[in-house]
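See structure below.
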């Protein structure tokens, strides 16, 4: 599946993917925070990022450190989970290092994770809204934000 992108700001995300009114409203409500939105690409990324899809998952994380790293990298970082598929996400840098035993060059210890649930993933690439993964931002919260 495509690799998610961490953006330093909503403005940067808007350069990468095509926002629709729904995405705009949700980003204003929940970013920075644990919401990834899948939207149509504006920019061609390498196949190793997109896996051939015409959509990308983007988010502006709640972590100041993650946003700053993205900013220092030109506004965007290719990201992935810090856990093996099917396992709980690590809550500390030490847990992350223990789960991911190889292929890691640097670990930035920003303190314990802000939450135990992985980010909510919502697909807004078509006319329908699909919640790909439930997380801290529930379907009820999403629907309330869209009605506001």
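Numbering (the numbering used here), first residue to last: 767 to 914.
Idealized CB from N, CA, C, for every residue including glycine.
It should be emphasised that the depicted structure is a prediction, and the values quoted were computed from it without experimental measurement.
Residue burial classification, residue 838 (beta-carbon count within 10 angstroms, cutoff 16): exposed
Closer than 6 angstroms by C-beta to residue 904: which residues in its own chain qualify, once you throw out the five before and the five after it? Chain order, please. none
Reference residue 890, options 908, 879, 875 and 871, closest by Cα: 908
Any contact between the region 791-806 and the region 826-834? By contact I mean 3 or more CB pairs, one from each, below 8 angstroms. yes
Alpha carbon to alpha carbon, how far is residue 772 from residue 779? 8 angstroms
Would you give the residue range spanned by the beta strand (DSSP E) that residue 770 belongs to? No beta strand (DSSP E) holds residue 770; DSSP gives it neither H nor E.
Residue from 895, 811 and 897 with nearest C-alpha to residue 843: 811
Going by C-alpha distance, which of 885, 846, 865 and 853 is nearest residue 769? 846
Should residue 946 and residue 858 be called a contact, given that it needs their Cβ atoms to be closer than 8 angstroms? Look at the range of the chain in this structure, 767 to 914, and you will see that residue 946 is not part of it.
Please report the Cβ distance between residue 915 and residue 784, rounded to the nearest whole angstrom; I am assuming they are in contact, meaning their Cβ atoms lie under 8 angstroms. Because the chain in this structure spans residues 767 to 914, residue 915 falls outside the shown range and cannot be described.
Could you check where the beta strand (DSSP E) with residue 742 kicks off and where it finishes? With the chain covering only 767 through 914, there is no way to say anything about residue 742.
List the endpoints of the continuous beta strand (DSSP E) containing residue 908. Segment 905-913 is the alpha helix (DSSP H) holding residue 908; no beta strand (DSSP E) there.
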